[in-house]
Amino acid sequence: KAGVTQTPRYLIKTRGQQVTLSCSPISGHRSVSWYQQTPGQGLQFLFEYFSETQRNKGNFPGRFSGRQFSNSRSEMNVSTLELGDSALYLCASSLVLATDTQYFGPGTRLTVL
Amino acid sequence: GIQVEQSPPDLILQEGANSTLRCNFSDSVNNLQWFHQNPWGQLINLFYIPSGTKQNGRLSATTVATERYSLLYISSSQTTDSGVYFCAVLLRRDDKIIFGKGTRLHILP
């Protein structure tokens, strides 16, 4: 089976812009979670989607949003980018819920200038 | 809020050595996972271990949920074991996932 794929792998944006990141889970996996990794804050949970519904959300401002499509692919959007949004954004898929074993994609490295 | 503390923060070992990484958590959890992030940033799930002991080759893990800690054992270390090891817990009270800060392991050839 193919692993979790994320696109794009690298992205450079300027403050105030918005960005959309994409994640394709492992075939058959229905849960997709998003995480932000920064040197200062480490790994932080953003949100989890299951069957096109947001099941759980971390402590991030409303500028961070996401959605899941019927084929389980997921996108996350960050509006009005700030310098502090520069990070590695990781997507993970699991069979049913985030309580199952998670498999991570390679990440999208976002740089905000 | 819940604390997930990993120790030691850094570890440098010679190839062939054994090591024990620890993860302490301050709240009840439904799930605990160990991950390895390689030097290229790829996170790999090692164990899903809410309780008990599991082994996979040179790696094994033990979680004692009642005492709120988990241990990851690495035996006969190889240079490919280098990277950062994270534990992550799924909180019982709100299903949120919290990661520890990680243990950075460097295996010298």
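Residue numbers (this note's numbering), protein chains in the order written: chain A, 168 to 280; chain B, 22 to 130.
Backbone N, C-alpha and C fix where the C-beta goes; we use that ideal spot for every residue, glycine too.
Asked: Three or more C-beta pairs below 8 Å linking the segment 233-246 of chain A and the segment 23-32 of chain B; Found: no
Asked: Coarse secondary structure for A259 (chain A), derived from DSSP in three states; Found: strand
Asked: Residue burial classification, E215 (chain A) (beta-carbon count within 10 angstroms, cutoff 16); Found: buried
Asked: Presumed contact (8 Å Cβ cut-off) between Q203 (chain A) and Y256 (chain A), rounded CB distance; Found: 6 Å
Asked: Cα-Cα separation, G73 (chain B) to R276 (chain A); Found: 36 Å
Asked: Three CB pairs or more closer than 8 Å across the segment 210-228 of chain A and the segment 168-175 of chain A; Found: no
Asked: Residues of its chain near D102 (chain B), where Cβ-Cβ distance is below 7 Å and the 5 sequence neighbours each way are ignored; Found: I95, L126 and I128
Asked: Contacts around E219 (chain A), its chain only, beta-carbon distance under 6 Å, and the 5 residues preceding and following it disregarded; Found: Q235
Asked: Members of the segment 66-80 of chain B near chain A, C-beta cut-off 9 Å; Found: N66, F68, Y69 and P71
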